[in-house]
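My numbering puts the sequence shown at residues 25 to 612. Have a look at the structure below, then the notes.
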Amino acid sequence: MRVERGTLNRGIYDIAVLFDPTSATPWTALTPQPQWNGKLVYTFGASTGQPRLQFRSEQNWADDAALSRGFMVADNSLTDSLYNSNRVLNAETLMMMKEHIVDTYGEIKYTLGNGCSGGSIQQNTAASIFPGLLDGIQPSCDYPDSITTGLEVTDCVLLVNFYAGPEWTSLMTGLSQAQINAKKTAINGHLDHSGCHGWNNSFGFNNKPGNYARTLVIDNTTGALATLVESRNNCLLPAAQAYDPVTNPNGTRCGDPDLSAAVWGTTAGIPAGSIRARQTGDNVGIQYGLNALFAGAITPEEFVTLNEKIGGFDADFNRRAARTNADLAALDIAYRAGIVSSGRNLGKLPIIDSRGWDEQGIHYIWRSFAERARIDAANDGNHGNQVMWRYGTGLLPATAAQATAVTLRSLLTMDTWLSNLNVSAPKETLNSVRRQADVIAAKPADAVDFCFLTGDTNFTTPVADMALCDADPRLPKHASPRQVAGGPLVENILKCELKPLNSVDYAPRVFSSAQWARLQATFQDGVCDWSEKGVGQRRAASPLTFADGPGGKRLPPPPVSHPRSGHGRDHDDDDHDNARDHHDRDDG
Numbered sequence: 025m026r027v028e029r030g031t032l033n034r035g036i037y038d039i040a041v042l043f044d045p046t047s048a049t050p051w052t053a054l055t056p057q058p059q060w061n062g063k064l065v066y067t068f069g070a071s072t073g074q075p076r077l078q079f080r081s082e083q084n085w086a087d088d089a090a091l092s093r094g095f096m097v098a099d100n101s102l103t104d105s106l107y108n109s110n111r112v113l114n115a116e117t118l119m120m121m122k123e124h125i126v127d128t129y130g131e132i133k134y135t136l137g138n139g140c141s142g143g144s145i146q147q148n149t150a151a152s153i154f155p156g157l158l159d160g161i162q163p164s165c166d167y168p169d170s171i172t173t174g175l176e177v178t179d180c181v182l183l184v185n186f187y188a189g190p191e192w193t194s195l196m197t198g199l200s201q202a203q204i205n206a207k208k209t210a211i212n213g214h215l216d217h218s219g220c221h222g223w224n225n226s227f228g229f230n231n232k233p234g235n236y237a238r239t240l241v242i243d244n245t246t247g248a249l250a251t252l253v254e255s256r257n258n259c260l261l262p263a264a265q266a267y268d269p270v271t272n273p274n275g276t277r278c279g280d281p282d283l284s285a286a287v288w289g290t291t292a293g294i295p296a297g298s299i300r301a302r303q304t305g306d307n308v309g310i311q312y313g314l315n316a317l318f319a320g321a322i323t324p325e326e327f328v329t330l331n332e333k334i335g336g337f338d339a340d341f342n343r344r345a346a347r348t349n350a351d352l353a354a355l356d357i358a359y360r361a362g363i364v365s366s367g368r369n370l371g372k373l374p375i376i377d378s379r380g381w382d383e384q385g386i387h388y389i390w391r392s393f394a395e396r397a398r399i400d401a402a403n404d405g406n407h408g409n410q411v412m413w414r415y416g417t418g419l420l421p422a423t424a425a426q427a428t429a430v431t432l433r434s435l436l437t438m439d440t441w442l443s444n445l446n447v448s449a450p451k452e453t454l455n456s457v458r459r460q461a462d463v464i465a466a467k468p469a470d471a472v473d474f475c476f477l478t479g480d481t482n483f484t485t486p487v488a489d490m491a492l493c494d495a496d497p498r499l500p501k502h503a504s505p506r507q508v509a510g511g512p513l514v515e516n517i518l519k520c521e522l523k524p525l526n527s528v529d530y531a532p533r534v535f536s537s538a539q540w541a542r543l544q545a546t547f548q549d550g551v552c553d554w555s556e557k558g559v560g561q562r563r564a565a566s567p568l569t570f571a572d573g574p575g576g577k578r579l580p581p582p583p584v585s586h587p588r589s590g591h592g593r594d595h596d597d598d599d600h601d602n603a604r605d606h607h608d609r610d611d612g
C-alpha cells in the first residue's frame with residue numbers, strides 16, 4: 025500500500041492505493057503502476073459543523089473492498105461535513121483533490137462517492153453545485169442537501185419548546201401521555217412523537233453564532249427540557265474569541281451560515297455596527313399541524329394556539345414570538361448555486377441510495393423519496409438514474425452478510441454502471457456532465473429498487489415488489505412538520521409564497537369567531553400557497569465561481585483554440601447563457 029497524507033485547500037487528506045515498491049519503473053502521472061485500475065472511490069464524512077480549526081478526516085482510508093480490487097481511496101477533512109458545512113468549499117476541495125491525483129498519479133477513469141448522513145449531503149451537494157465532479161454517488165442515511173434539512177431541524181426546535189410551554193400544557197390537561205404524544209406525532213409527521221427530540225438535541229444549536237448552553241430534551245416520553253450548565257460555541261474556539269452581542273459584537277460568528285459568508289454575502293447584524301452572513305431560514309406563513317387538523321388529530325383550538333405561539337428565530341438564532349424571516353438575496357443564491365440540491369443536476373449521474381432504518385432518530389426514509397421527487401420534477405417524471413435499496417434492521421449494515429449484500433453490492437453495481445457509461449457515453453473531459461437518458465441506458469440489470477424485509481436479517485432475499493416493501497412496518501416513509509403543514513414531499517421551498525387567509529380552505533373544520541380573529545392576527549400577511557414555487561426558487565445555474573465575491577457568477581465557456589485571424593470570440597462574459605439561466609423556474 026502507498027498512503028499519502030498532506031494538506032490541500034487547508035484540509036488534511038489521505039490518498040491510498042496499491043503500490044509495488046519493487047517495480048523498476050517509478051510511478052509517474054504518465055506511467056502509473058498497473059495495479060491501480062484508474063478508478064477513484066471518494067469517501068465523504070458525516071454529521072455537520074463549522075469549526076475554525078484544522079482536523080484530520082474521520083474517514084478510514086483502509087477500505088479493503090475497494091483497495092483490494094484496485095481502486096484508489098481518498099478523503100479530505102474539508103469534505104467531512106463534521107468539519108465543513110460550506111457546501112461550495114466541499115465541492116471546491118473535491119475538485120482540487122482530483123486535480124492533485126491526476127497530476128501525481130495519472131488520469132482518473134471515474135470518481136464514485138460514498139458516505140452516510142452528512143456524507144450523503146456532501147455527495148448530493150457536490151453533484152448539484154458542480155455537476156460532473158462525481159460520476160456516480162452512493163448516499164446512505166440520505167439527505168438531499170443540508171439547507172433544506174435545516175427546515176426540519178429548526179421546526180423541531182420550535183415544536184419541542186412549544187410542547188414544553190404553558191399554552192400547550194394547559195390544553196393537554198386531562199389527557200393521558202399517550203394521547204398527548206399522539207397529537208405531537210400527528211403535528212410532527214414522524215413515526216412517533218420522539219423524532220423532533222433527536223433533531224433538537226443533535227443539531228438544534230448549529231446556527232448559534234456565539235457561546236451558548238444547550239436546552240435538551242431529557243425525557244423522551246414527556247419531552248421535558250433542561251438547560252445544561254455549559255458554555256460552548258460552534259467554532260470550537262476559546263469563548264473570548266467568539267461573537268457576543270454585548271461584549272464582542274465583532275467577534276468570530278460560528279453559525280452555519282457564517283462559515284459560508286463568502287457565498288451568501290453579509291448584512292447588518294443585531295448589534296449596531298456588526299455584520300452577519302445572510303441566511304435562508306424562514307417559517308412565515310407555515311400552518312403547523314394543518315393536516316393533523318384536517319385528520320381530526322388535533323382540535324381547532326390546538327391548531328390556533330400552536331400557530332399563534334410557536335414563534336421563530338432572530339438573526340442570532342434566539343427564539344422569539346415573531347416568525348423567522350429569510351434574507352431574500354440568500355434565497356436566490358441558494359437555488360442558483362445548487363446549494364438546494366437540483367433535481368436536474370442529480371439526474372445526470374447514477375445514484376444508488378442505501379436506506380436503512382432510523383425513524384426514531386433523525387435519518388428518515390422520506391428523505392430518499394424527497395430526492396427522488398426532485399429528480400422526477402426536473403426530468404419529466406423520470407428518476408431512472410436513481411435506485412433505492414431499503415432495509416429495516418438499522419441505520420447501516422451491522423453484520424458481514426449485510427455489508428456484502430448492501431455495501432459491497434453497491435460498489436460493484438456502481439462500478440459496472442460507470443464502466444458501461446465509459447463505453448456508451450464517454451465524457452469529453454474529466455468533469456463533463458452526462459445526460460440522464462445516457463445514464464439510464466447504461467444501467468446494469470441489478471440496478472433496480474429492492475428491499476430486504478425486516479425478518480430477513482441476513483439480507484438473503486432482495487424483494488422487488490414495492491407493495492411488499494411498503495407493507496413492512498419498518499420500511500414505509502413518514503413525513504415532516506412542513507409536509508403536515510401542507511408542504512410538498514420535495515421539501516425544497518425555503519420561503520413560501522403567501523395567499524390570503526380564507527375560512528373556506530379549512531372545511532369541514534370550523535373555527536369560532538374568536539379563534540378566527542386570532543388566526544388572522546397570526547397570519548396577517550397570509551399563509552403558505554404550496555401550489556406556487558417558493559420565493560426566489562429557480563433552476564440551478566451551477567457551476568458558479570465565487571472568485572469575484574458572494575452570489576457567484578456562471579463559469580465562462582471552456583477555452584477554445586481559434587485560427588490566428590483575429591476573429592476569435594471573447595469568452596469573458598459570465599452571462600453568456602443568460603437566457604437559459606434566468607427564465608427557468610422548474611428545477612426539482
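Built from N, CA and C at the ideal position, the CB exists for glycine as well. This structure is a prediction, so every number in the text was calculated from the model and none was measured.
Straight across, the Cα-Cα distance linking asparagine 349 with alanine 206 is about 30 Å. Rounded to the nearest angstrom, the gap between the Cα atoms of histidine 124 and valine 181 is 42 Å. Contact between aspartate 166 and serine 200 is ruled out by a C-beta separation of about 36 Å, above the 8 Å threshold. Between isoleucine 211 and alanine 316, the CB-CB gap stays under 8 Å.
Less than 8 Å divides the Cβ of glycine 550 from the Cβ of lysine 523.
Remark: C-beta atoms of tyrosine 37 and alanine 98 approach each other more closely than 8 Å. One Cα belongs to alanine 70, the other to valine 534, and the distance between them is close to 46 Å.
Sequence-distant partners of glutamine 57 (beyond 5 residues in either direction) whose C-beta falls short of 8 Å from its own C-beta, in its chain, are Leu42, Phe43, Asp44, Ser47, Thr49 and Trp51. Assigned with DSSP and collapsed to three states, cysteine 493 falls in helix.
The three-state reading of DSSP puts serine 164 in strand, counting E and B together.
In the DSSP annotation of this structure, serine 378 is not part of any alpha helix (DSSP H); the continuous beta strand (DSSP E) holding it starts and ends at 375–379. For glutamine 507, the enclosing alpha helix (DSSP H) has its first and last residue at 505–508.
With contact defined as three or more Cβ pairs closer than 8 Å, the segment 552–564 and the segment 513–523 are in contact.
In this structure, Gly142 is the residue among Gln410, Gly142 and Ala545 with its C-alpha nearest to the C-alpha of phenylalanine 227.
With contact defined as three or more Cβ pairs closer than 8 Å, the segment 103–115 and the segment 275–286 are in contact. The alpha-carbon separation between proline 567 and threonine 31 amounts to approximately 25 Å. For arginine 391, there is no enclosing beta strand (DSSP E); the enclosing alpha helix (DSSP H) has its first and last residue at 390–402.
The residue from Ala401, Ile376, Thr417 and Leu64 with its alpha-carbon nearest to that of aspartate 382 is Thr417. With respect to phenylalanine 474, phenylalanine 483 sits apart: the two C-beta atoms are not nearer than 8 Å. Annotated three-state conformation of aspartate 99 is strand, per DSSP.
Under the three-pair Cβ rule at 8 Å, the segment 536–550 does not count as touching the segment 129–137. The alpha helix (DSSP H) runs lying completely inside the segment 194–270 and spanning 4 residues or more are 201–212 and 219–227, given in chain order. Counting C-beta atoms within 10 angstroms of its own C-beta, glutamine 561 has 16 or more neighbours from the protein chains shown and is therefore classed as buried.
In the structure shown, asparagine 110 falls within a coil segment according to DSSP collapsed to helix, strand and coil. Inclusion of methionine 412 and aspartate 377 in the CB contact set at 8 Å is warranted, their separation being smaller than that value.
The C-alpha of serine 164 is placed about 46 Å away from the C-alpha of histidine 586.
Contact between the segment 78–87 and the segment 151–161 is absent: fewer than three C-beta pairs spanning the two stretches fall below 8 Å. Annotation: methionine 25 is outside any beta strand (DSSP E) and is labelled neither H nor E by DSSP.
Pairwise C-beta distances place the segment 335–347 out of contact with the segment 356–375, as fewer than three of them are shorter than 8 Å. Residue pairing by DSSP places arginine 343 opposite Phe337 in a beta bridge.
In this structure, arginine 302 and aspartate 351 form a Cβ contact; the two beta carbons are roughly 4 Å apart against a cut-off of 8 Å. Check the Cα spacing between proline 233 and each of Ala353, Val253 and Tyr267: the tightest is with Tyr267. Per DSSP, the unbroken alpha helix (DSSP H) holding asparagine 185 starts and ends at 173–187. Per DSSP, valine 534 has no beta-bridge partner at all. If only uninterrupted alpha helix (DSSP H) runs of at least 4 residues are considered, those enclosed by the segment 50–104 are 88–91. Taken atom to atom, the span from the alpha-carbon of aspartate 169 to that of glutamine 548 is near 32 Å.
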